[in-house]
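Taking this note's numbering, I'd label the letters of the sequence shown as residues -12 to 227.
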Amino acid sequence: MRKIFSLVKSWVLYILFPRVCFCCGADVARNDGNPLCPECMKDLKPVQGLICRRCGLPLPDGGALCYGCRIKKNFKCGFIRSGLKFTPASRALAHAFKYGGYTHLSRFFAPFMYNVFRQNPEFFEADFLVPVPIHKSRRRERGFNQSLLLALDLSRLCGVPCAELLVRKVKTRSQTSLGRKERLENIKEAFACANAAAVRSGAIILIDDVCTTSATLEECAGVLRKAGAREVLAITALRE
Ligand SMILES: [Zn+2]
Ligand SMILES: [Zn+2]
-12 MRKIFSLVKS WVLYILFPRV CFCCGADVAR NDGNPLCPEC MKDLKPVQGL
38 ICRRCGLPLP DGGALCYGCR IKKNFKCGFI RSGLKFTPAS RALAHAFKYG
88 GYTHLSRFFA PFMYNVFRQN PEFFEADFLV PVPIHKSRRR ERGFNQSLLL
138 ALDLSRLCGV PCAELLVRKV KTRSQTSLGR KERLENIKEA FACANAAAVR
188 SGAIILIDDV CTTSATLEEC AGVLRKAGAR EVLAITALRE
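Below you can see the structure in the form of structure tokens.
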């Protein structure tokens, strides 16, 4: 029976995952189940060791805080932790997930996010996982919100319920081509609280696919804090 189950599983994985590595295009063995070839799997680097205590940025030279967190005070988002470093392999996966429609990859990212959840007891107190929303017209185009998929899969692992407590009011430009200052301007007042009663005095973990400057997370956290959240933290799949 177990043999049949594992055979069925390998075929399901075979259908779900393409037979080539998402990063380099090399053949991937059928029974492997990984979306990357063994070489590219080695390029997946969990964020660990020396990081900024606040934003989770890897700090190769050590120190408690990165430069950005040292000069800015009064963050709305308490701290941010991420599953994987931004490497060619993790980037290729995130791209296939978000733009290629390979929605099942959220199940691949979620355990890396769960790892950082487990390492930080502050997360255990959370009432909700709240995905960073995308504008409804973008959701229609893409068919899904990548952050919601990640939040749902992480919720299954950590037991904290997922709730869509934010909406995106403004369809903002993609942040990827923008500098730090432009990102802040672009994202300003783009979000609103969808359920103030649920947010009030709650502890929330924001969920997003990639953290780059943390401008989006900070803006979302600001809206939630204004609505009465007592604490806002964040977990992302990748840290750029
Ligand atoms: Zn590869
Ligand atoms: Zn920092």
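Glycine is no exception: its CB is placed at the ideal position from the N, C-alpha and C atoms. From a predicted model like this one, the values you see are computed outputs, not experimental measurements.
- Per DSSP, Ile174 is one residue of the alpha helix (DSSP H) stretching across 167 to 174.
- Between Ala221 and Ala208, the alpha-carbon positions lie close to 9 Å from each other.
- When the Cα atoms are used, Glu206 and Arg155 turn out to be separated by approximately 11 Å.
- For Leu23, the distance from the CB to the nearest heavy atom of ligand 1 is below 6 Å.
- Across the structure, Thr159 and Phe111 are spaced so that their CA atoms are roughly 32 Å apart.
- By the neighbour-count criterion, in which 16 or more other beta carbons inside 10 Å mark a residue as buried, Gln133 falls on the buried side.
- Residue environment for Tyr101: buried (at least 16 other C-beta atoms within 10 angstroms of its C-beta).
- A heavy atom of ligand 1 is found nearer than 6 Å to the CB of Ala13.
- Within the same chain, Leu46, Gly49 come within 6 Å of Leu37 by CB-CB distance, once the 5 residues on both sides are set aside.
- Two segments are said to touch when three or more pairs of C-beta atoms, one from each, lie closer than 8 Å; by this definition the segment 128 to 146 touches the segment 93 to 107.
- Going by beta carbons, Leu136 and Ser93 fall inside the 7 Å limit.
- By alpha-carbon distance to Glu176, the top candidate from Leu153, Val197, Ile192 is Leu153.
- Between Ile192 and Ala113, the CB-CB gap stays under 7 Å.
- In this structure the segment 166 to 175 does not touch the segment 118 to 128; the number of beta carbon pairs closer than 8 Å is below three.
- DSSP, read as helix, strand or coil, puts Ala150 in coil.
- When DSSP reads this structure, Ser69 sits in a beta bridge with Thr223.
- For Leu116, the three-state secondary structure derived from DSSP is strand.
- Bounds of the alpha helix (DSSP H) holding Leu204 are 202 to 213.
- For Cys8, the CB stays at least 6 Å from every heavy atom of ligand 2.
- Set against 6 Å, the gap from the CB of Cys39 to the closest heavy atom of ligand 2 is smaller.
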